[in-house]
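**Student:**
Residue numbers (the working numbering): 3 to 135.
(1) Sort 79, 32, 39, 129 by Cα distance to residue 112 and report the nearest one.
(2) Which residue spans inside the segment 7-60 form an unbroken alpha helix (DSSP H) run of at least 4?
(3) If residue 28 sits next to residue 37, beta carbons under 8 Å apart, how far is it from one beta carbon to the other, in whole angstroms?
(4) Just to check my reading of the structure: residue 55 and residue 24 have Cβ atoms closer than 8 Å, yes? What is that Cβ distance to the nearest angstrom?
(5) Return the first residue and the last residue of the beta strand (DSSP E) that residue 125 is part of.
(6) Start and end of the beta strand (DSSP E) containing residue 137?
(7) Put residue 80 into one of helix, strand or coil per three-state DSSP.
(8) Using only the alpha-carbon positions, how far apart do residue 108 and residue 3 sit?
(9) Tell me, please, which residues DSSP counts as bridged to residue 108.
(10) Look at the Cβ atom of residue 12, then the Cβ atom of residue 83, and state whether they are nearer than 8 Å.
(11) Buried or exposed for residue 2, please, with buried defined as at least 16 other CB atoms from any protein chain shown within 10 angstroms of its CB.
(12) Identify which residue in 119, 10, 116 has its Cα closest to the Cα of residue 47.
(13) Tell me whether residue 80 is buried or exposed, calling it buried when 16 or more other Cβ atoms sit within 10 Å of its Cβ.
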């Protein structure tokens, strides 16, 4: 039941500039380019050799959410560390977190979100091979 790294998500103010840096300066291979419903680029995923770096557009960079308790903070910087778990272990992980006194701050189809004792955002996820946007 040991979780494995899945992705690091980084909120950025200028997604296109950061995409250029990670692709052209660091030479990382782009895996996905996801668009919002209005057609704007919202996320770029890079292969980190068994892990993914997700660059996510900060929705409101000028009025960035400053609350460390927000489930989905909208401020630039490291967004979360996601660890892969087996899909059939999700309920066990939810119970394990509850027993440890950890507050679940949000859930999606593939992830359970929570924070470590220092307030750093974490997720346990079980993304399908080709995750939709």
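Ideal Cβ positions, reconstructed from N, Cα and C, are used throughout, including at glycine.
**Tutor:** Checking against the coordinates, here is how it stands:
(1) 129
(2) Unbroken alpha helix (DSSP H) runs of no fewer than 4 residues, entirely contained in the segment 7-60, are found at 17-22, following chain order.
(3) Incorrect: roughly 23 Å between the Cβ atoms, too far for contact.
(4) That pair is a contact at about 7 Å.
(5) Its beta strand (DSSP E) spans residues 123-127.
(6) Residue 137 falls outside the range modelled here, since the chain spans only 3 to 135, and no answer is possible.
(7) When DSSP states are grouped into helix, strand and coil, residue 80 belongs to the strand group.
(8) 21 Å
(9) 115
(10) Cβ distance not < 8 Å, so residue 12 and residue 83 don't count as in contact.
(11) Here the chain covers residues 3 to 135 and nothing more, so residue 2 does not appear.
(12) 10
(13) exposed
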